[in-house]
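Chemist:
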Amino acid sequence: MLYSEIADVFDRLESTSSRLEMTSILSDFFKRMEPGPLKSTVYLCQGKLHPDHYAAELGMADKLVLRSIAFVSGVTESKIDELWKKEGDPGTIAEALIKTRKQAALFSEPLTLEKVLKNLTLIENAEGRDSQDKKMKYLSNLLMDSGPAEARYICRIVTGRMRIGAGSMTILDALAGAFGTKEDRPDIERAFNITCDLGLVAETLAVGGVDAVRKMKVTVGNPIKVMLAERLPSMPLILDRMGGRCAMEFKYDGIRVQAHIDNNNVKLYSRRLEDLTSNFPDIAAELRKRCKAEKAIIEGECVAVDREGNMLPFQNVTHRRKKHGMDKAVEDHPVKMFMFDMLLVNDEDLTLCPLEQRRSKLIETFDLSEKVQLTTMEIISTPGDGEKFFSGALGKKCEGIMAKSLSSEYKAGSRGFLWIKYKKDYEEALTDSFDLVVVGAFYGRGKRAGKYGALLMAVFDEETGHYSTVCKLGTGFDDAFLADLPEMLDRYISEGRPHTVDAEMMPDVWFLPTVVLEVVAAEISLSPIHTAAKNIVKEDAGLGLRFPRFTGRVRDDKGPEECMTANEVLSMYEMQAQGKE
Ligand code: AMP
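Taking my numbering, the leading residue of the sequence shown gets 216, the next gets one more, and so forth.
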């Protein structure tokens, strides 16, 4: 298959911001593809060669890519450097220069998908002292045979800038359109949620149709999208919603970990599907020792503790998120794991079983220890008992409680009222926390001149797959954080407003939605300039946060699609309005 066909589809996707149109472009394309190329194309749509949880990364530094572009186009490196300072994106530069080089490319041959995959794999696997040279060679080799659009997307893939706006939900819509009907969409989505592998779902559909996808099961080694909780502001509301009775658990302030145990092999995944095994080797070993089954998938929260075993706040567990010096970190920063769910035991998929049954299996399967425990849980049926349980949780330095429906299945990848969180913040008026994604920055004035002084923050709109703004954030940053901002954000600079961002405010710099920060605010109000839930409460108005303040917590455990959604902001606005009546 020619890579130009795929680049052409990427180009068409990038030039529309309508999710319906994207779905139809992709669906028509997918329908015509063989299973193998389809699988790879689905990964490429998201700038990858493998599913999200695959550890290897293409990640070529911009400078290296620029050198390849210089080599292929014959333009000097200094000229290219100048262009890069202006444009920011090596993909755009490659495209422009290859356009002008067209005549000269006499010896090139049409670029096939197979060759692109082969060279990208070589880039990914290049090791050793001359790995940079090798990567440059494989990339130049591809650029040599590329047309302008092909070059643009190859450079974006290798530099991690591939954001054509085709999020997982759009791809799932397109797959349903190509291989099934609208009615099959939930089953296709479930298959994705329990495997976290869009390519595998696409291939299974192309080979065996929707029936084959319905038979896909949870397997050890394929992380499962985590189940998430909604929030409510009071105990009576929570119990009402739960039908008068539910399980309540302490809500621990740590890092969520999904452990996959397979005989002697244990892998730990974060909720963003990163491999955390090397960050918590002690927990991995203890889980293996304490698990009586050969295979299991469990979830729990890893929490930092002091020498006496008392729980410490979240910041302390982040010492374990570093890349080097882990032996010392294990020694200096002890952690405990509080298990709260079990999704598989041996070959039994438990995700469709009720919570009560999953909890019993968890208890049966593990010999507990100081290091590996169960979450504290009680069955609660009155608001008074709920409040008592909540105070107990705060007394143990937990964030609050999680209420869970006893009869509910494990709804992978879904946020709903089957789990409801209730935190300490909620008691204090609306000093609630919001996980928001950075989409732009404004240069500062005075002391902050020349640096980013404020950020444009957005929520995710599940319906459109776009990001809509909720506030300009300029408070809560200390000097060190401000100084670090360029390093954290500049690799996501976008030439103009990314077409997945709906905004009316114009920041000085735009970013591809990537970095998630935790923010507190005093109130949600109608806003003429912010675009979250626009036109829903009132014509021509969106929702915005008043007095937003950064809490100091970068949510690097959350991806942009996991930040707060426009719907959540809307329901919080409604909750707040009810409170005022
Ligand atoms: P939030 O990040 O505020 O949306 O809260 C959800 C997170 O709370 C989960 O992803 C877990 O990391 C964490 N958590 C702490 N304790 C529990 C528990 N008992 N059950 C489920 N999640 C928990």
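Cβ coordinates follow ideal geometry from the N, Cα and C atoms, glycine included.
Predicted model only: the values in this text are computed from it and were never measured.
In the DSSP assignment, find the beta strand (DSSP E) that holds Thr766 and state where it starts and stops.
Modeler: Looking at the DSSP string, the run of the beta strand (DSSP E) that includes Thr766 is 764-769.
Chemist: Check whether the Cβ atoms of Arg400 and Phe632 lie closer than 8 Å to each other.
Modeler: Not in contact: Arg400 and Phe632 (Cβ atoms no closer than 8 Å).
Chemist: Can you determine whether any heavy atom of the ligand AMP sits closer than 7 Å to the C-beta of Glu593, and answer yes or no?
Modeler: No.
Chemist: Measure the C-alpha to C-alpha separation of Ser346 and Leu452 and round it to an integer number of angstroms.
Modeler: Spanning the two alpha carbons is a distance of roughly 58 Å.
Chemist: Which of helix, strand or coil does DSSP assign to Tyr353?
Modeler: If DSSP states are grouped into helix, strand and coil, Tyr353 belongs with the helices.
Chemist: Helix or strand or just coil, what does DSSP make of Gln473?
Modeler: Three-state result, Gln473: strand.
Chemist: Are there three or more Cβ pairs, one per stretch, closer than 8 Å when the stretch 604-614 is compared with the stretch 655-669?
Modeler: Result no; under three Cβ-Cβ pairs closer than 8 Å.
Chemist: Are at least three pairs of beta-carbons, each pair with one atom in the stretch 751-759 and one in the stretch 709-716, less than 8 Å apart?
Modeler: These segments do not touch.
Chemist: Under a three-way DSSP split, which group does Val290 fall into?
Modeler: Coil.
Chemist: For Ile313 versus Leu259, is the C-beta distance shorter than 8 Å?
Modeler: Contact flag unset, no.
Chemist: Given 7 Å as the limit, tell me if Glu625 has its C-beta closer than that to any heavy atom belonging to the ligand AMP.
Modeler: Per the sequence presented here, residue 625 reads as Tyr, with Glu not at that position. False, no ligand heavy atom lies under 7 Å from that Cβ.
Chemist: Taking only the alpha-carbon atoms, compute the straight-line gap between Pro775 and Ala673 and give it to the nearest angstrom.
Modeler: Whole-angstrom Cα-Cα distance: 9 Å.
Chemist: Do Phe555 and the ligand AMP come close, with the Cβ less than 7 Å from some heavy atom?
Modeler: Phe555: yes, Cβ under 7 Å from the ligand AMP.
Chemist: What beta strand (DSSP E) runs, 3 residues minimum, are completely inside the stretch 497-584?
Modeler: Complete beta strand (DSSP E) runs here, min 3: 510-519, 550-560.
Chemist: Measure the CB-CB distance between Glu656 and Val724 and report whether it falls below 8 Å.
Modeler: The displayed chain sequence assigns Ala, not Glu, to residue 656. For Ala656 and Val724, yes; Cβs fall inside 8 Å.
Chemist: Given the structure, does Thr533 come close to the ligand AMP, in the sense that its CB is under 7 Å from one of the ligand's heavy atoms?
Modeler: False, no ligand heavy atom lies under 7 Å from that Cβ.
Chemist: Under 7 Å from any heavy atom of the ligand AMP, does the C-beta of Tyr467 make it?
Modeler: Flag set: Cβ of Tyr467 near the ligand AMP.
Chemist: Grab me the residues of Ala644's own chain with a C-beta within less than 8 Å of its C-beta, minus the 5 sequence neighbours each way, in chain order.
Modeler: With a pLDDT of 49 at Ala644, under the threshold of 50, the modelled position of this residue cannot be trusted; read the value that follows with caution. Once the five neighbours on either side are set aside, the close Cβ partners of Ala644 are Ala737.
Chemist: Specify whether the stretch 610-622 and the stretch 693-706 touch according to this definition: at least 3 beta carbon pairs, one from each stretch, less than 8 Å apart.
Modeler: As far as the Cβ criterion goes, the stretch 610-622 does not touch the stretch 693-706, which means the pair count is below three.
Chemist: Whole angstroms is fine: what's the gap from Asn525's alpha carbon to Arg376's?
Modeler: Looking at the two C-alpha atoms, the distance is approximately 42 Å.
Chemist: Using C-beta distances below 6 Å, list every residue in its chain close to Arg768, excluding the 5 sequence neighbours before and after it, in chain order.
Modeler: Once the five neighbours on either side are set aside, the close Cβ partners of Arg768 are Glu733.
Chemist: Using only the alpha-carbon positions, how far apart do Asn340 and Ala608 sit?
Modeler: If I take the Cα positions, the gap works out to 47 Å.
Chemist: Go to Glu324, then tell me how far its alpha helix (DSSP H) extends in each direction, as first and last residue.
Modeler: Neither: Glu324 is in no alpha helix (DSSP H) and is coded neither H nor E.
Chemist: In angstroms with no decimal places, state the Cα-to-Cα distance between Val653 and Asn782.
Modeler: The alpha-carbon atoms of Val653 and Asn782 are separated by roughly 18 Å.
Chemist: Any heavy atom of the ligand AMP closer than 7 Å to the Cβ of Val441?
Modeler: True, at least one ligand heavy atom lies under 7 Å from that Cβ.
Chemist: With distances taken from CA atoms, which of Ala311, Thr374, Leu279 is nearest Ser352?
Modeler: The sequence shown places Lys at residue 352, not Ser. The candidate whose alpha carbon is nearest that of Lys352 is Leu279.
Chemist: Helix, strand or coil for Cys815 per DSSP?
Modeler: The structure shown does not extend to residue 815, since the chain is modelled only from 216 to 796, so the question has no answer here.
Chemist: Hey, would you say Arg446 sits closer than 8 Å to Ile476, going by beta carbons?
Modeler: Against a cut-off of 8 Å, the Cβ pair of Ile476 and Arg446 comes out as no contact.
Chemist: My guess is that Thr684 and Ala718 are in contact by the Cβ rule of under 8 Å, so how many angstroms apart are they, rounded?
Modeler: About 5 Å; that satisfies the 8 Å criterion.
Chemist: Please confirm whether any heavy atom of the ligand AMP lies closer than 7 Å to the CB of Arg487.
Modeler: Not under cutoff, so the answer is no.
Chemist: Going by the C-beta, is Ala406 closer than 7 Å to any heavy atom of the ligand AMP?
Modeler: Outside the cutoff, so no.
Chemist: For Gly306, collect the residues of the same chain with a Cβ closer than 6 Å to its Cβ; drop the 5 residues on either side in sequence, then sort them by chain order.
Modeler: Contacts found: Arg367, Cys370, Arg371.
Chemist: So who's on the other strand from Glu445, going by DSSP bridges?
Modeler: Note: Glu445 sits in a beta bridge opposite Ile635.
Chemist: I need the boundaries of the alpha helix (DSSP H) containing Glu404, first residue and last residue.
Modeler: Its alpha helix (DSSP H) spans residues 400-410.
Chemist: Leaving out five residues on either side along the sequence, give the residues of the same chain with a beta carbon under 6 Å from the beta carbon of Tyr788.
Modeler: Only Ile739, Leu758 meet the Cβ criterion.
Chemist: Judging by CA-CA distance, which residue of Gln572, Cys517, Arg460, Asp304 is the nearest neighbour of Lys466?
Modeler: Checking every option, the nearest Cα to that of Lys466 belongs to Cys517.
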